[in-house]
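Chemist: Got a structure for you, written out below as structure tokens; questions coming shortly.
There are 2 protein chains.
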Amino acid sequence: MPAKPAAQRRSDCPLNATLEAFGDRWSLLVVRDLMLLGRRTFREFLESGEGIATNILSDRLQRLEAQGIVEKRPDPADARKVLYRLTAKGLDLAPILVEMIVWGARYHDTAAPPSQIRAMTRHRERFLAEVRKRWAEAGRS
Amino acid sequence: MPAKPAAQRRSDCPLNATLEAFGDRWSLLVVRDLMLLGRRTFREFLESGEGIATNILSDRLQRLEAQGIVEKRPDPADARKVLYRLTAKGLDLAPILVEMIVWGARYHDTAAPPSQIRAMTRHRERFLAEVRKRWAEAGRS
DNA sequence: CCGGATCCGTTTCGATACTG
DNA sequence: CAGTATCGAAACGGATCCGG
């Protein structure tokens, strides 16, 4: 009696799938580090200001990797290090990130870099194009 | 010895402020219910498919209200009922929602309403304009 | 040193039962 | 109908340990 469409229960709406992928406090911050702040190593994420614990960071990286949002590989320059980067799927999170940042800047007005926010708000497509370009260039590491 | 700028610690980036506002599994689903599915009462949110628990729903509604994202008021037609609706600040979450839905539909391809997704993806501004219009009309209840 | 894994006390979440 | 109260489960976060 398998009748129940159980596993599907929460995925009727794509929003749900998205929230399952990174509907938590940390995952998107890691993505932001990769996408906008140029961070690439475990250590750099750790020091990225918000104070994530090593076990949590480790867990989120694994989770993001399992979902094909980030990928890791050894640093070609220094075999001891590991580098992370966004996959194409991860890069496609950029519009979400941008909208979240714009909303946050608008309503919570943190001490944020004004110029970048401005660029993001006024010329979204241009900003996104730049992000994609940088990503493509970095890809050919 | 209050010296520490403690409460500020996590809000250097607007993304952080946003994640603090609704970086959890449920808040955005409630917003979606209000914005896209026309739900307005506690009960309707409950039955909205994903199976949120009453205490969680209660908590999220309070939290969203405290942040000025939703507001409540008695149903003018039936004083026993309580109606929720988005504030202007809440309405401004629409672009985030749209991008999250688009991303989810693209990569996790849930059994989702194809036509609406298509409209959302291809004509984002038009779609957003409609959402805003509906909201404005409903506002003069 | 770097990238984690493990242990453990604390906080938060969430399913169910219950109330005004 | 619109929520609380309760209580077990899960997540968090700090410290510490470990392999390379």
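These protein sequences, in sequence, are chains A and B.
Mapping of the first sequence onto my numbering: position 130 corresponds to residue 133, and the numbering continues sequentially without gaps.
Mapping of the second sequence onto my numbering: position 60 corresponds to residue 63, and the numbering continues sequentially without gaps.
Built from N, CA and C at the ideal position, the CB exists for glycine as well.
1. Using alpha carbons as the reference points, say which of B:Gly-26, B:Ala-139, B:Gly-93, B:Tyr-110 lies closest to Asp-36 of chain B.
2. Curious, which full-length alpha helix (DSSP H) runs of at least 4 residues does the segment 70-107 of chain B contain?
3. Assuming Ser-30 of chain A is part of the alpha helix (DSSP H), what are its boundary residues?
4. Give the range of the alpha helix (DSSP H) segment to which Glu-23 of chain A is assigned.
5. Would you mind reading off the limits of the alpha helix (DSSP H) that contains Ala-56 of chain A?
6. At a CB distance below 8 Å, what residues from the segment 80-100 of chain A approach chain B? Give them in sequence order.
7. Please report the straight-line C-alpha distance between Ala-24 of chain B and Arg-137 of chain B, rounded to a whole angstrom.
8. Given a cut-off of 8 Å, decide if Leu-49 of chain A and Thr-57 of chain A are closer than it, judged by their beta-carbon atoms.
9. Please decide whether Ala-6 of chain A counts as near chain B, where near means a Cβ-Cβ distance under 8 Å.
10. Tell me whether Asp-124 of chain A sits in a helix, a strand or coil according to DSSP, three-state version.
11. Counting only Cβ pairs nearer than 8 Å, list the residues of chain B close to Asp-27 of chain A.
12. Please decide whether Ala-20 of chain B counts as near chain A, where near means a Cβ-Cβ distance under 8 Å.
13. Could you spell out the range, first to last residue, of the alpha helix (DSSP H) harbouring Arg-46 of chain A?
14. With a CB to CB cut of under 7 Å and the five nearest residues on each side skipped, what residues in its chain are close to Ile-59 of chain B?
15. For Ala-108 of chain B, which residues in chain A fall below 7 Å Cβ to Cβ?
16. Which residues in the same chain as Pro-8 of chain A place their Cβ atom closer than 7 Å to its Cβ, once the five residues preceding and following it in sequence are excluded?
17. Could you say which of B:Glu-140, B:Thr-124, B:Ala-115 lies nearest to Pro-17 of chain A if we only look at CA atoms?
18. Determine the DSSP secondary structure at Asp-62 of chain B, reduced to helix, strand or coil.
19. Which residue wins for smallest C-alpha separation from Leu-67 of chain B, given the options B:Ala-139, B:Lys-84, B:Arg-135, B:Leu-31?
20. Which whole-angstrom value is the C-beta distance of Met-103 of chain A and Thr-21 of chain B, which I expect to be below 8 Å?
21. Using a threshold of 8 Å, state whether the C-beta atoms of Glu-53 of chain A and Asn-19 of chain B are closer than that.
22. If you measure between the beta carbons of Phe-130 of chain A and Val-101 of chain A, is that distance less than 8 Å?
23. Please identify, using Cβ separations under 8 Å, the residues of the segment 58-69 of chain B that lie next to chain A, in order along the chain.
24. Is there at least one Cβ from chain A nearer than 8 Å to Ala-10 of chain B's Cβ?
25. Using the Cα positions of Glu-47 of chain A and Gly-142 of chain A, report the straight-line distance between them to the nearest angstrom.
26. Given that a residue counts as buried once 16 or more other Cβ atoms are within 10 Å of its Cβ, and exposed if not, what is Arg-83 of chain B?
Modeler: With the structure as the only source:
1. B:Gly-93
2. 91-94
3. 30-39
4. 17-25
5. Segment: none, Ala-56 of chain A is in no alpha helix (DSSP H) and carries neither H nor E.
6. Lys-92, Asp-95, Leu-96, Pro-98, Ile-99, Leu-100
7. Rounded to the nearest angstrom, the two C-alpha atoms are 24 Å apart.
8. yes
9. The predicted model places Ala-6 of chain A with a pLDDT of 32, which falls under 50 and marks its position as unreliable, so this point remains unresolved.
10. According to the sequence provided, residue 124 of chain A is Thr. The question's Asp does not apply to it. Correct three-state label for Thr-124 of chain A: helix.
11. Gly-26, Asp-27, Arg-28
12. yes
13. 45-49
14. Answer for Ile-59 of chain B: Trp-29, listed in chain order.
15. Near Ala-108 of chain B (Cβ distances below 7 Å), the residues of chain A are Pro-17.
16. With a pLDDT of only 37 at Pro-8 of chain A, under 50, the local geometry of the prediction cannot be trusted, and the value read off the model is given with reservation. No residues qualify anywhere along the chain.
17. B:Ala-115
18. helix
19. B:Leu-31
20. 4 Å
21. yes
22. yes
23. none
24. Confidence at Ala-10 of chain B is low in this model, with a pLDDT of 37, below 50, so the placement of that residue should be treated as unreliable; the coordinate-derived value is given next. Answer no: the Cβ-Cβ gap between Ala-10 of chain B and chain A never drops below 8 Å.
25. 19 Å
26. Arg-83 of chain B should be labelled exposed.
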